[in-house]
Amino acid sequence: MASPVEQFALKPLVPLHVGGVDLSFTNSSMWMAITVIGVTAFLTLSMRSGRLVPGRWQSMAEVSYEFIANMLRENVGSEGRGYFPFIFTLFLFILFGNLFGMIPYAYTFTSQIIVTFAMAITVFVGVTVIGLVRHGLHFFTLFVPSGTPLVMAPLLVPIEIISYFVRPVSLSVRLFANMMAGHTMMKVFGGFAVLMGVLGVAPVALLVALTGFEILVAFLQAYVFTVLTCLYLHDAIHLH
Amino acid sequence: MRISPDRVRRAGAAAVLAGGFLASGVARAADDSGVKLPQLDIQTYPSQIFWLVVSFAVLYVLVSRVAVPRIFEVLEERQDRIADDLDKAQTLQSEAAQAQADHEALLAEARARAAAAVREAQDVAARAGAEREEVARARVAGMVAEAEQRIAASRAGAVDNIRDVASEAAVEAVARLIGSRPGEEAVTRAIAAVARDGRP
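Those protein sequences? They're chains A and B, same order as listed.
No gaps in the numbering here: position 86 of the first sequence is 88 in our numbering, and each next residue is one more.
No gaps in the numbering here: position 80 of the second sequence is 76 in our numbering, and each next residue is one more.
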């Protein structure tokens, strides 16, 4: 039997080497491309007619737009408007990546720590730069929680600094671990179903429940990643 | 929804611990069984980062240049339409209120005019009635006066007649009694005395 983690292996589809670096187009890259196409199709085809009274697809596109717009407004405020396209793209990219990963034989690129970490570090660096540009050196008061007694500062400031720099790690590991654990678990139960013959009905039933749960997780983790990005953006713009 | 940064931080720390534990556990299990965890294969990182950047950039351009403006436009149009309809409804409502006010004013005016007409007609009728009554009363008074005059005249005539008859009867009676006719002047004086005092 194949190892449950074998599903995460990358298979080069179009080998590509640039200056000795392997940039092959892999199954992961293919599903990123499919996600791009899927998101674009979802947003453009549904809005093509742009009806006054929306149909099902148009209403879904509008709901996702307003969902992220509200999230940004509530967590960041009106200053966050300029970042809306990025946040919206981030949300849809992760969401569709997670959901497409639920299709049998598809590849879940969000189960790769390097992918989630790349996104998280981009958010982290971007947010830090925004904070520094907006507030200059004043930005570093972020590490001194308001109302901290001066005596406590030597203790609290390092904690704040550590918690700040842990952000990209927690952000990326949360998404990666959730996706990887879910898919591993499904593979394990799938393996049981094959091994147990007639009794395999039990793991299959569990697998059905797990599939529903994984779809929930796909939404939830996309939401969590996005809402945390909004919160970090809030900190950078408002400093607490 | 606003999530407190404290909770997020605590959840983050928990997730890091759990994630790290899970990853290391899975990795160790994978190592033990001789299978390497594909996620930890650094060889694949450049390709993944490269294609992530490419696809994310493409998606960002598509979303920000094509999808978001379109959705914004549709939502804006709907918002405008709704606001427009609300405005129109408000205008119509105020127009209806105006029309009702006009109608009520008209009605009140008509009612007042009708009341005035009724009052005038009543006045005219009352005046005419009074005039007619006056005329009738005057005529009746004239007729009464005339009748009284006539009655008085005929009474006077009757009294004269009675005197004549009485004096004739008296003359005849005296002639029968004494055989001679009294003088006319004496008879007249006697009758006048009887008529005045009830005795001669």
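Here a beta-carbon is modelled for each residue, glycine too, at the ideal position from N, C-alpha and C.
Identify whether residue i lies in helix, strand or coil by the three-state DSSP scheme.
i	result
Gln96 of chain B	helix
Leu15 of chain A	strand
Ser148 of chain A	coil
Thr118 of chain A	helix
Leu54 of chain A	coil
Met49 of chain A	coil
Tyr41 of chain B	helix
Ser80 of chain A	helix
Ala150 of chain B	Reading off the sequence, residue 150 of chain B comes out as Ser, not Ala. The answer is helix: DSSP assigns Ser150 of chain B an H, G or I state.
Ser176 of chain B	coil
Val49 of chain B	helix
Gly21 of chain A	coil
Val38 of chain A	helix
Lys84 of chain B	helix
Met(-3) of chain B	Unreliable positioning characterises Met(-3) of chain B in this predicted model, as indicated by a pLDDT of 47, which lies under 50. The coordinate reading is nonetheless provided below. Of the three classes helix, strand and coil, the one that applies to Met(-3) of chain B here is coil, per DSSP.
Pro6 of chain A	coil
Leu33 of chain B	coil
Ala26 of chain B	Confidence is the limiting factor: at Ala26 of chain B the pLDDT is only 49, short of 50, which leaves the residue's position unreliable, though a coordinate-based value still follows. DSSP places Ala26 of chain B in helix when its eight states are reduced to three.
In the DSSP assignment, find the unbroken alpha helix (DSSP H) run with residue i in it and report its ends.
i	result
Val206 of chain A	203 to 240
Pro160 of chain A	155 to 197
Ile105 of chain A	No alpha helix (DSSP H) holds Ile105 of chain A; DSSP gives it neither H nor E.
Val190 of chain B	180 to 193
From the DSSP output, which residues share a beta bridge with residue i?
i	result
Phe27 of chain A	A:Val16
So residue i contacts chain A; which residues on that side make the cut at Cβ distance below 7 Å?
i	result
Gln39 of chain B	Asp24
Which chain A residues sit within Cβ distance under 8 Å of residue i?
i	result
Gln75 of chain B	The contacting residues do not exist; Gln75 of chain B stays about 11 Å from chain A at best.
At a CB-CB cut-off below 8 Å, which residues of chain B make contact with residue i?
i	result
Pro87 of chain A	Tyr56, Val59, Ser60, Val64
Gly52 of chain A	Arg66, Glu69, Val70, Glu73
Met49 of chain A	Ala63, Arg66, Ile67, Val70
Thr228 of chain A	Within chain B, no residue comes near Thr228 of chain A; the closest Cβ sits about 12 Å away, beyond 8 Å.
Thr42 of chain A	Leu55, Leu58, Val59, Val62, Ala63
Residue i touches chain B at which residues, Cβ-Cβ below 9 Å?
i	result
Leu45 of chain A	Leu58, Val59, Val62, Ala63, Val64, Arg66, Ile67
Name the chain B residues that come within less than 7 Å of residue i, Cβ to Cβ?
i	result
Phe95 of chain A	Phe52, Leu55
Ala35 of chain A	Ser51
Thr150 of chain A	Those do not exist, as Thr150 of chain A stays about 14 Å from chain B at its closest Cβ, beyond 7 Å.
Ala120 of chain A	Ile45, Leu48
Phe90 of chain A	Val59, Val64
Val206 of chain A	By Cβ distance, chain B contributes nothing, its closest Cβ being about 24 Å from Val206 of chain A, past 7 Å.
Val219 of chain A	In chain order: nothing, as chain B lies at least about 13 Å away.
Val146 of chain A	Under the 7 Å cutoff, chain B gives no residues; its nearest Cβ is about 14 Å from Val146 of chain A.
Please determine whether the Cβ atom of residue i lies at a distance below 7 Å from any heavy atom of the ligand MN.
i	result
Val161 of chain B	Absent from the structure shown: the ligand MN. Ligands present: none.
Exercise. Quick one: which residues of the region 122 to 144 of chain A get their C-beta closer than 9 Å to a C-beta of chain B? List them in chain order.
Key: Thr124
Self-check item: Contact list for the region 10 to 31 of chain A against chain B, Cβ threshold 9 Å
Solution: Phe10, Ala11, Leu12, Pro14, Leu18, Val20, Val23, Asp24, Leu25, Ser26, Phe27, Thr28, Ser30, Ser31
Self-check item: chain B contacts from the region 62 to 84 of chain A (Cβ-Cβ distance under 7 Å)
Solution: Ala63, Glu64, Tyr67, Glu76, Asn77
Quiz item: If you measure beta-carbon to beta-carbon, which residues of the region 101 to 116 of chain A are closer than 9 Å to chain B?
Solution: Phe111, Ser113, Gln114, Ile115, Ile116
Quiz prompt | Members of the region 80 to 102 of chain B that neighbour chain A once the beta carbon cut-off is set at 7 Å | solution = Answer set for the region 80 to 102 of chain B: empty.
Self-check item: Selection of the region 100 to 130 of chain B by Cβ proximity to chain A, strictly under 7 Å
Solution: For chain A, none of the residues of the region 100 to 130 of chain B brings a beta carbon within less than 7 Å of one of its beta carbons.
Quiz item: Got a sec: which bits of the region 168 to 198 of chain A sit with their beta carbon under 8 Å from any beta carbon on chain B, in order along the chain?
Solution: Val168, Arg169, Val171, Ser172, Leu173, Val175, Arg176, Phe178, Ala179, Met182, Ala183, Thr186
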